[in-house]
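Peer 1: Plus 49 on top of the position in the sequence shown (first one is 1) and you've got the working numbering.
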Amino acid sequence: MKPKTEFTKILLCILCIISAVNSNLPRGKTTIIDALSSDTRFSKFLQYIQRLQLVIPFNKLRNVTVLAPTNDAIEKYERNLKLHNKNIAIDSKLLHKNPTSKTSQVRNSNYFQIEPNGPIYHGMDQETLLLHVIRDGSYGSGSWVDGMVWESNSGWRPAENNTKSDGEADEKPERQGIMLKSKIDKNGKIMIGNIEVEDGEIWCFSGVVQALGGVLRKPPPLLDLLNNNFDGKKIYNNLRLNRKKKLNNYASIEENAITDYSYFINGVSAAGWYDNILKRYSQQQEITLKTETSSKSRHTLWVPTNNYLIQNYEYPKWNYLVLGQKLAANNTIKEIVLKDVRNVMRNFVSPTSISVARLGQGKHTIPIINDDGESGLNNVTLDISSSGTIFNGFSVKSTDWIANDGIAHIIDSNSVSPAQLEWTPRKMLMGLNATLFLTLIDDHGLSEYVDGSKKDEKWTFFVPTNTALEQVFESVKVFESNSPKFKEVKNWLLYHIVKGKFEKEDIFDGQLLRSEYNSSRLGNRQQIIKARVFSRTSEPLSFSNNSTVHNNADKPWYTFSDAPLELDVPVKVEDYANIYVLSAPMSPPESILVSLIQNLDYSLFIGVMGASGLTTQIQNMNSISVLIPKNEAFQKLGLSYSYLTLANNPSAKKDLSSLVGAHVCTEIIYSDSFEKGCQNCTIESIGDNKTIRTNTVNNTPVWFQKTSSGELIVSVTNPNPDTKNTKQIEIDKAKNTGYGSLDKSTSILHKDIAFSSGVIHMLSDSLLLPNNLIFSPRKLLSGMNSFAFTFLLKNLNLTYVLDPISSETNETNPVVGYSFLVPPDYAWNNLNAYREFYRRVNEPENSIYSGMNLVTKSKFFLEKDKSENPWRNKTTEELQDFLLRSVKLHILPIRADGQLKKVKPSNKKERLSLSDKDGFDYVANSVGFETLLDGVSLKKITLNSGRTIFSIGRNSLFPNPSYPIPPTDSPRNYDGYGIVLRSGSLFSFYGNGHNGVLSHKNGAEDKYMMHELDIVLIAPGNEEKVVSGIANYAWYVLLVFIGLGLFGGYMGLITLWIHTLRTHSGYEEI
């Protein structure tokens, strides 16, 4: 395209006419050489013309303006030249003169062929000198226009038509000369190329000569304009002859931007046009640039700033464009990347030099570059008006920056990009440098997810960084498609893809996202990804600690299946996908055991599951929900837990299996199942409440309910019954499942913890008790290993208290059950009467019952009892009476009315609470209990410390025990009260059907209880008969000391007697 429009031609013709009218054309001055020769100011300029062999070409110039440096200007140029480079040759030299070369046929009077590697004189070559020739026409001093751009003869070449051998014409387009820009300051001073035009123009028939106050230098290359941020002063100060700076063809945009236009340079390089458009040439290469054999042409750059490119092509997009070819997995993808980057960058490059000033106002058709980096592909519109310049939709901020190899214009950062590319997840992932993830996607047949094939649906991708993946996969290895490892990796990849586009601001804490991983262990349902949203001060339940640095402490912290975000915001793919970059990979849920051991507060369930023998069964079950009680919940069972965990006890193992089974549901119930539904369950809606009913492995129902506050409730009774559904109510009553009360429920503390075959919900501190679970006195006694108490019940004919109570009675307030106070075996074995009674029951004489659970010290007592036990000479009836009264004191009958008298502290002394140093604990409240021993009752006293005691007396002060619990050494004396060590409820044994939940609200506070005391309570009236083993020891020690005293006294008398004898033997007779 020829840059001169009709407007420009008319303007230049008017300028020429004005110049001709105002000039006096001297006769005899025909050529430019004649005009120069007529003024001694230009003698040195003529010398340069001669030395550079340009006399004949100058004589052939027509209708030109020559900007001739004066002698003073050239002398200044030579001084500066010597100062900057002492190696520049003073004399003219032809570096590689080719004597056989001939000037080609001249097709224009202003053109001649430049010899490659032609002569250089004082550092100036032919092209630099031709820079002083303006080929647009003859212009006098009054013809210059501020901001006008002029074309010089330097580097210009006319179009040429060659004929190929096949007869087809091949046209070489015209190559423009280097442009110059004129400026007129406020004082009217005319500047060309920053050099002042002086007075004294000379006209001739070939044109006009204008005096120039300096030597024109070639404008900087386009690359220098870009690298120096279009700072004109900086550019010309840095301009030096024979510069040899280098620029990397590819500079990662992740590095700090060196200039405001470095992104544009990267884009031109990525498009493969760097050599054609921006490559810097040495002086000798620039000569070659101007020859006919060179294919390099000039270009116009419509240059966007880095800010503009960032606004229109965010980080991953621009990274894909400039680095995508290096990141591409194959040539096909490379071609797609190259096509995309060229479609973007061609909008910023036009072939040839296009000056806004030369075109003038109006709408113009401008070409943009083709794939070859030279020719124009499509035409776009350039709209020039007094209000501004618009190029192809871009607002142009600054125009006509002159360069050696073209012209540059700067685009406004607020412009809108006209390039419309189709963005796919693959392109964005390449821009994010997620190459390992992409490689795995392609190798496992999942390319359709990232290639845009599924753009009709919404998607969310969770993509770990390459660094994170390298920690998981030592090498990206492709396995056989039918191998388990191949399927495992494929499922891992599908776990990172979610159907649906989720925005970050819409994600809430605990939200469940369904991945594309359809697990057979879940009945081919989608495995969940759990989103967590934490404040900066909160801590997650479990976290891998592979966190990233967050600059803003006020922003929430997001994790997905415990994997934290690497980038704070998702990367959008058109309007159908979001990509979240993770600093750690998400791990698909593992087995239930692996999921449970991550939280030690719930570790007891693993042991209980193993003791019940259900571990393998639960691990092999699919699509289940497991309700995990906290460790404290099992501890609340007290004596019941000791029974349930007995080894080699079939009854205990069966009951424990029933207890564990009550916490395993046969359907997956997530917290969002109320909205999304579930398969093998029933969702009931009554008012605003929704309840899900499903079954446990015990084939008993369990209900889930979500409250208005979002709390998740679990109950073995229906918390939201339909009162109209009388049939269901009758069924629930028949099964003793209960109905209609949230008091019979427990809340879920940690919900939706996925494992490979289901989901775990962690209960607060409660247990779900199956309806068929019965804790009888015999079971709890076996859990305590209480041989002594069982032995006494059997041999004192009291075993009836261990059996269920008959409902047939005529009493008005009958006994309906019992509670038990059971001293441990070591406490009974400390009692002389018990040891003697046990010895008599287990004849023959002097034998020790080998199965008895006795501590070592008690064995010693029993062996000594045959001579030292004060009960040795008592009758069996006396022994039985004493022990019967003692045992009855430890059995508390519970009557039908269930009324227990509560006694609160009655005076100030009882209400006082002393400090720990006093060693005493005071009464908080007490309850009176009837015992089987007629006329004797006990007080159950709760102390301020939380301890529970049973007391016979009226004392309100009780010392804090300092011995270990349960005590195994140095037991307390018989102080009239016993401290409760452990307790357990006799659930369901006496018809007391429990509500299905053992929680902190009810704990072990059933009215039918079994308590383990630290000592044996002594019944009133039995005190005088009690002689303990410790008392025996005391008497024995006393006698020993008396004996030793008597022996010492005797020995003293003997010593005195001997001394007396020796004294007397020393006297002389008188």
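All C-beta atoms, glycine included, are put in the ideal place defined by N, C-alpha and C.
So, is A84 buried or exposed, given that buried needs 16 or more other C-beta atoms within 10 angstroms?
Peer 2: Sequence index remark: in the sequence shown, residue 84 carries index 35 (1-based). That one is buried.
Peer 1: Which word fits V521, buried or exposed, when buried means at least 16 other C-beta atoms lie within 10 angstroms of its C-beta?
Peer 2: Here residue 521 refers to the residue found at position 472 when the sequence shown is read from its first residue. Exposed: under 16 other Cβ atoms inside 10 Å.
Peer 1: Could you please give the first and the last residue of the uninterrupted alpha helix (DSSP H) stretch that includes K412?
Peer 2: Translated into positions along the sequence shown, residue 412 becomes position 363. Taken as a continuous stretch (DSSP letters only), K412 belongs to no alpha helix (DSSP H), being part of the beta strand (DSSP E) at 411-418.
Peer 1: Can you give the Cα-Cα distance for L880 and F1036, rounded to whole angstroms?
Peer 2: Residue numbering aside, residue 880 sits at position 831 when the sequence shown is read from its first letter. Residue numbering aside, residue 1036 sits at position 987 when the sequence shown is read from its first letter. Answer to the nearest angstrom: the Cα atoms are 32 Å apart.
Peer 1: Is there contact here, the region 477-494 with the region 355-371, by at least three beta-carbon pairs under 8 Å?
Peer 2: Three or more beta-carbon pairs separated by less than 8 Å link the region 477-494 to the region 355-371, which places the two stretches in contact.
Peer 1: From V352 to A378, what does the alpha carbon distance come to, in whole angstroms?
Peer 2: Start at 1 with the first residue of the sequence shown, and residue 352 comes out as number 303. Start at 1 with the first residue of the sequence shown, and residue 378 comes out as number 329. Distance between the alpha carbons of V352 and A378: 31 Å.
Peer 1: Where do the N-terminal and C-terminal ends of the beta strand (DSSP E) with A794 fall, by residue?
Peer 2: What you label residue 794 is simply residue 745 of the sequence shown in a count that begins at 1. Here residue 794 is Ser; the residue named in the question, Ala, does not match the sequence. Run containing S794: 794-804, per the beta strand (DSSP E) assignment.
Peer 1: I need the straight-line Cα distance from T694 to G726, nearest angstrom please.
Peer 2: In the sequence shown, the residue the question calls residue 694 occupies position 645. In the sequence shown, the residue the question calls residue 726 occupies position 677. Between T694 and G726, the C-alpha separation is close to 38 Å.
Peer 1: Are the region 532-545 and the region 562-572 touching, with three or more C-beta to C-beta distances below 8 Å?
Peer 2: yes
Peer 1: Does the region 803-821 touch the region 665-679, meaning 3 or more C-beta pairs lie closer than 8 Å?
Peer 2: yes
Peer 1: How big is the Cα-Cα spacing for D500 and L370?
Peer 2: Counting from 1 along the sequence shown, the entry for residue 500 is found at position 451. Counting from 1 along the sequence shown, the entry for residue 370 is found at position 321. Near 16 Å, if we compare the C-alpha coordinates of L370 and D500.
Peer 1: Report the rounded CA-to-CA distance for S975 versus I998, giving the unit in angstroms.
Peer 2: On the sequence shown, residue 975 is found 926 positions in, with the first residue counted as 1. On the sequence shown, residue 998 is found 949 positions in, with the first residue counted as 1. Computed Cα separation, rounded: 9 Å.
Peer 1: Say whether chain C places a C-beta atom closer than 8 Å to the C-beta of D650.
Peer 2: Chain labels in this structure do not include chain C; a single protein chain is all it has.
Peer 1: Classify G1101: buried if its beta carbon has 16 or more other beta carbons within 10 angstroms, exposed otherwise.
Peer 2: As a first step, residue 1101 is located in the sequence shown; it is residue number 1052 there, counting from the start. Answer is exposed; the Cβ neighbour count stays below 16.
Peer 1: Using 8 Å as the threshold, is the region 821-841 in touch with the region 869-880, meaning 3 or more CB pairs across them?
Peer 2: yes
Peer 1: How should S569 be labelled, buried or exposed, when 16 other C-beta atoms within 10 angstroms of its C-beta is the threshold for buried?
Peer 2: To locate residue 569, count along the sequence shown from 1; it is residue 520. Exposed: under 16 other Cβ atoms inside 10 Å.
Peer 1: Would the beta-carbon of A117 fall within 8 Å of that of V258?
Peer 2: Here residue 117 refers to the residue found at position 68 when the sequence shown is read from its first residue. Here residue 258 refers to the residue found at position 209 when the sequence shown is read from its first residue. Closer than 8 Å, so yes.
Peer 1: Return the residue from the list L928, E681, N243, K476 that minimises the CA-CA distance to S652.
Peer 2: Along the sequence shown, one-based indexing puts residue 652 at 603. Checked all of L928, E681, N243, K476; the closest Cα to S652 is E681.
Peer 1: Please indicate yes or no: does the CB of D704 lie closer than 7 Å to some heavy atom of the ligand FMN?
Peer 2: Only the bare structure without any ligand can be found here, which leaves the ligand FMN out of the picture.
Peer 1: By the DSSP assignment, the alpha helix (DSSP H) with M658 in it spans what residues?
Peer 2: Position 609 of the sequence shown, counted from the first residue, corresponds to residue 658. Its alpha helix (DSSP H) spans residues 653-661.
Peer 1: DSSP three-state call for W541: helix, strand or coil?
Peer 2: Taking the sequence shown and counting its residues from 1, the one referred to as residue 541 is at position 492. Residue state, collapsed to three classes: helix.
Peer 1: Between the Cα of S318 and the Cα atoms of W450, F254, L387, D280, which residue gives the shortest distance?
Peer 2: As a first step, residue 318 must be located in the sequence shown, where it is residue number 269. Out of W450, F254, L387, D280, L387 has the C-alpha closest to the C-alpha of S318.
Peer 1: Which whole-angstrom value is the C-beta distance of S720 and D611, which I expect to be below 8 Å?
Peer 2: Counting from 1 along the sequence shown, the entry for residue 720 is found at position 671. Counting from 1 along the sequence shown, the entry for residue 611 is found at position 562. That belief does not hold up - the Cβ atoms of S720 and D611 are roughly 17 Å apart, past 8 Å.
Peer 1: My guess is that V620 and I628 are in contact by the Cβ rule of under 8 Å, so how many angstroms apart are they, rounded?
Peer 2: One-based indexing of the sequence shown puts residue 620 at position 571. One-based indexing of the sequence shown puts residue 628 at position 579. The Cβ separation is near 4 Å, so the contact holds.
Peer 1: With a threshold of 6 Å on Cβ separation, who are the neighbours of N729 within its own chain once the five nearest residues in sequence on each side are excluded?
Peer 2: The count along the sequence shown starts at 1 and reaches residue 729 at position 680. Correct list, in chain order: E716.
Peer 1: Using DSSP bridges, identify the partner residues of Q259.
Peer 2: The count along the sequence shown starts at 1 and reaches residue 259 at position 210. BP columns for Q259 point to L116.
Peer 1: Exposed or buried, A626, counting other C-beta atoms within 10 Å across all chains shown (16 or more means buried)?
Peer 2: Walking along the sequence shown from the start, residue 626 turns up at place 577. When all chains shown are included, A626 counts as buried.
Peer 1: Using DSSP's beta-bridge definition, name the partner residues of P750.
Peer 2: Counting from 1 along the sequence shown, the entry for residue 750 is found at position 701. Bridge partners of P750: N744.
Peer 1: Do you know offhand how far I943's Cα is from N698's?
Peer 2: Reading the sequence shown from its first residue, position 894 is the one you call residue 943. Reading the sequence shown from its first residue, position 649 is the one you call residue 698. Distance between the alpha carbons of I943 and N698 is about 30 Å.
Peer 1: Output needed for V465: all residues of its chain with C-beta closer than 7 Å, excluding positions within five of it in sequence on either side, in chain order.
Peer 2: Working through the sequence shown from its first residue, we reach residue 465 at position 416. Excluding sequence neighbours, V465 sits near G442.
Peer 1: Can you have a look at S661 and say buried or exposed, based on whether 16 or more other CB atoms are within 10 angstroms of its CB?
Peer 2: Locating residue 661 in the sequence shown gives position 612, where the first residue counts as 1. Buried, since its Cβ has 16 or more Cβ neighbours within 10 Å.
Peer 1: If L663 sits next to V630, beta carbons under 8 Å apart, how far is it from one beta carbon to the other, in whole angstroms?
Peer 2: As a working note, residue 663 is residue 614 in the sequence shown. As a working note, residue 630 is residue 581 in the sequence shown. At roughly 42 Å, the Cβ-Cβ gap does not stay under 8 Å, so L663 and V630 are not in contact.
Peer 1: Would you decide whether A122 is buried or exposed? Buried here means 16 or more other CB atoms lie within 10 Å of its CB.
Peer 2: Looking up residue 122 in the sequence shown gives position 73. Classification for A122: buried.
Peer 1: Of the residues L178, L426, V390, R996, which one's Cα is nearest the Cα of T401?
Peer 2: One-based indexing of the sequence shown puts residue 401 at position 352. In this structure, L426 is the residue among L178, L426, V390, R996 with its C-alpha nearest to the C-alpha of T401.
Peer 1: DSSP puts W322 in a beta bridge; with which residues?
Peer 2: Working through the sequence shown from its first residue, we reach residue 322 at position 273. Its beta-bridge partners do not exist; DSSP assigns none.
Peer 1: Between the region 254-268 and the region 170-182, can you find at least three pairs of beta-carbon atoms closer than 8 Å?
Peer 2: yes
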